[in-house]
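Residue numbers (UniProt numbering): 1 to 115.
(1) Using only alpha-carbon positions, find the residue among 17, 67, 49 that is nearest to residue 115.
(2) Do you know how far the Cα of residue 39 is from the Cα of residue 110?
(3) Tell me whether the region 59-79 and the region 4-17 touch, counting them as touching only if at least three CB pairs, one residue from each stretch, are closer than 8 Å.
(4) Nearest to residue 34 by alpha carbon, out of 8, 91, 16?
(5) So the candidates are 44, 17, 52; which of them puts its Cα closest to the Cα of residue 3?
(6) So, with DSSP's three-state summary, where would you put residue 107?
(7) Does residue 4 come out as helix, strand or coil in the three-state DSSP assignment?
(8) Between the C-alpha atoms of residue 77 and residue 58, what's the straight-line distance to the nearest angstrom?
(9) How far does the beta strand (DSSP E) with residue 95 in it reach, from first residue to last?
(10) Per DSSP, which residues does residue 45 bridge with? Please list them.
(11) Opposite residue 14 in the DSSP bridges: which residues?
Structural data, given as structure tokens:
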């Protein structure tokens, strides 16, 4: 199994593997909608059974009262705190841990467990 992904101005996905969460290194990309036919540089990741991937919009981690790096660290830590949670429970935990919804931006979060 393999994940092939690209970024178009989105924050990096989070991989939870064997109880350890990390932001995926990957290609940068032109902001979605900025160009009619943007160049997208895909990255690949070999997936293992039990891996959990989190995809999210920047509204989850960006706040005016904290640095973006802090938002990423809070997200990584929140995911790592619940390594055995199912996707629904993990999403609820992450949303609670990162605080109230950002009223200035939308938030979308998708968690996928590899079987």
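Every residue, glycine too, gets a C-beta built ideally from N, C-alpha and C. From a predicted model like this one, the values you see are computed outputs, not experimental measurements.
Taking the structure as given:
(1) Translated into the one-based positions of the chain shown, residue 115 becomes position 115. With distances taken between Cα atoms, residue 115 lies closest to 49.
(2) For this step, residue 110 is matched to residue 110 along the chain shown. For this step, residue 39 is matched to residue 39 along the chain shown. Going from the Cα of residue 110 to the Cα of residue 39 covers about 25 Å.
(3) yes
(4) Here residue 34 refers to the residue found at position 34 of the chain shown. The shortest C-alpha separation from residue 34 is found at 8.
(5) Indexing the chain shown from 1 puts residue 3 at position 3. Of 44, 17, 52, the residue nearest in Cα terms is 44.
(6) The residue labelled residue 107 in the question sits at position 107 within the chain shown. DSSP places residue 107 in coil when its eight states are reduced to three.
(7) Along the chain shown, one-based indexing puts residue 4 at 4. The answer is strand: DSSP assigns residue 4 an E or B state.
(8) Against the chain shown, residue 77 aligns to sequence position 77. Against the chain shown, residue 58 aligns to sequence position 58. Their backbone Cα atoms lie some 17 Å apart in a straight line.
(9) In the chain shown, the residue the question calls residue 95 occupies position 95. Element bounds for residue 95: not the beta strand (DSSP E) but the alpha helix (DSSP H), 87-97.
(10) The residue you call residue 45 lines up with position 45 of the chain shown. In DSSP, residue 45 forms a bridge with 3.
(11) Translated into positions along the chain shown, residue 14 becomes position 14. Partner(s): 23, 54.
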